[in-house]
Amino acid sequence: MENRFGGFGNKAGVGGSGINFGFAKKENLQLTNIEFSEWRDFIYNLTGIYFQENKKYLLENRLQKRVDFLRLDSFKKYMDFLKFNPAKSKELSEFYEVITINETFFFRNQPQLDALVGTIIPEIMNKPENRMKRKFKIWSAASSSGEEAYSVAMMIDDLIKPKYPNVTFEIIGTDINYAVVETARKAIYKEYSIRNTPPYYLKKYFKSDNGTYILDNKIKSMSNFSILNLYDDNAMRKMTEFDVIYCANVLIYFDQQSKIKVVNHLYNSLNRGGYLFIGYSETLHGISKAFKLTSFPKTIGYNKE
Ligand SMILES: C[S@@+](CC[C@H](N)C(=O)[O-])C[C@H]1O[C@@H](n2cnc3c(N)ncnc32)[C@H](O)[C@@H]1O
Numbered sequence: 086m087e088n089r090f091g092g093f094g095n096k097a098g099v100g101g102s103g104i105n106f107g108f109a110k111k112e113n114l115q116l117t118n119i120e121f122s123e124w125r126d127f128i129y130n131l132t133g134i135y136f137q138e139n140k141k142y143l144l145e146n147r148l149q150k151r152v153d154f155l156r157l158d159s160f161k162k163y164m165d166f167l168k169f170n171p172a173k174s175k176e177l178s179e180f181y182e183v184i185t186i187n188e189t190f191f192f193r194n195q196p197q198l199d200a201l202v203g204t205i206i207p208e209i210m211n212k213p214e215n216r217m218k219r220k221f222k223i224w225s226a227a228s229s230s231g232e233e234a235y236s237v238a239m240m241i242d243d244l245i246k247p248k249y250p251n252v253t254f255e256i257i258g259t260d261i262n263y264a265v266v267e268t269a270r271k272a273i274y275k276e277y278s279i280r281n282t283p284p285y286y287l288k289k290y291f292k293s294d295n296g297t298y299i300l301d302n303k304i305k306s307m308s309n310f311s312i313l314n315l316y317d318d319n320a321m322r323k324m325t326e327f328d329v330i331y332c333a334n335v336l337i338y339f340d341q342q343s344k345i346k347v348v349n350h351l352y353n354s355l356n357r358g359g360y361l362f363i364g365y366s367e368t369l370h371g372i373s374k375a376f377k378l379t380s381f382p383k384t385i386g387y388n389k390e
């Protein structure tokens, strides 16, 4: 999803920064070193996201938007709001929105999609023990606004469904950020999201309307989106029996401990024989030895043997 903050977040300023309310903008607050480490721990304990020392000003800038919007006069009051205010759960979703990075686009990782339709689905479906398999489950964990999940759905509809007419391909997208999940459910996109989409798929599955791209209802109905925090043990334990999981471009925001915890959950969420894919710039080296590294043309996957 395109954003206005150099690739970070997607709606951080919505609702205003004081100026929207017609009074003079206050001086920005400064996050002290002690406050920064309190916020870092708070965010880490909630989400697994670890703000490095050099992200102090970024965090300060983001928190300022919510502090202004709520007309508070300190970062401390904002943290108290998030912890104790009766309206905290609604504000938490705004908070997640300002601290997460939601960059994504359709067909972001074509080799991983090719591995799914060219190798993995036939391999799993052809196993003798899967002769009666009628459901194939794919999870886009940290799906942002849905482009990854819907790219999978388009490829499956186009190339796989005709070969397996009796199998339901269930695609689930989850993210911690409420706003991006809502965007995924609407499935109406801007130019930025479709910029890497092969013309064939653009023509087949989108209707363009006044600068927006509306995804075909058939593809929309193949995917379901919900809110899920990858760092929440209870929520993660409920995610079971997946054949393939895409968890791309989110582990980079976690520290080693939270990566280990999340990847361990993802392992448990997979069926035997299933695969995990992570982002180009990510690795499970030093995170998990449970998977078998498997090569596909131009990409690698992690197999649960
Ligand atoms: C950069 S996007 C990646 C989107 C997509 N997977 C891709 O590769 O294009 C990272 C997403 O991870 C989500 N995220 C960050 N921390 C999370 C957590 N603890 N649980 C679930 N989602 C999280 C963010 O809200 C954001 O939408």
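All the letters of the sequence shown, read from the start, carry residue numbers 86 to 390 under the working numbering. From the three backbone atoms N, C-alpha and C, an ideal C-beta is built for every residue, glycine too. For clarity, every value in this text was computed on a predicted model and none was experimentally measured.
C-alpha of residue 261 to C-alpha of residue 335: approximately 11 Å in a straight line. Taking C-alpha positions only, residue 226 is separated from residue 340 by approximately 18 Å.
In the structure shown, residue 173 adopts helical secondary structure according to DSSP, grouped into three states.
A straight line joining the alpha-carbon of residue 317 with that of residue 167 spans about 17 Å.
By a beta-carbon distance limit of 8 Å, residue 311 contacts residue 259. Their separation comes to about 6 Å. Look at residue 129: its beta carbon is at least 7 Å from all of the heavy atoms in ligand 1. Rounded to whole angstroms, the separation of the alpha carbons of residue 146 and residue 119 is 16 Å. Counting along the chain, the unbroken alpha helix (DSSP H) around residue 148 starts and ends at 141-154. Of 248, 193, 165, 213, the smallest CA-CA separation from residue 180 is found for 165. Within the DSSP bridge table, the entry for residue 361 names 330, 387 as partners.
In the structure shown, the three-state DSSP call for residue 318 is helix. In the three-state DSSP reduction, residue 118 falls in the helix class (H, G or I). Distance from residue 327 to residue 359 at the Cβ level is roughly 6 Å; contact confirmed, criterion being Cβ atoms closer than 8 Å. The region 174-226 contains, as complete alpha helix (DSSP H) runs of 4+ residues, the segments 195-200, 206-210 (chain order).
In the DSSP annotation of this structure, the continuous segment of the alpha helix (DSSP H) that includes residue 302 starts and ends at 302-306. One thing to note: residue 235 has its Cβ within 8 Å of the Cβ of residue 300. In the three-state reduction of the DSSP assignment, residue 246 falls in the coil class, being assigned neither a helical nor a strand state.
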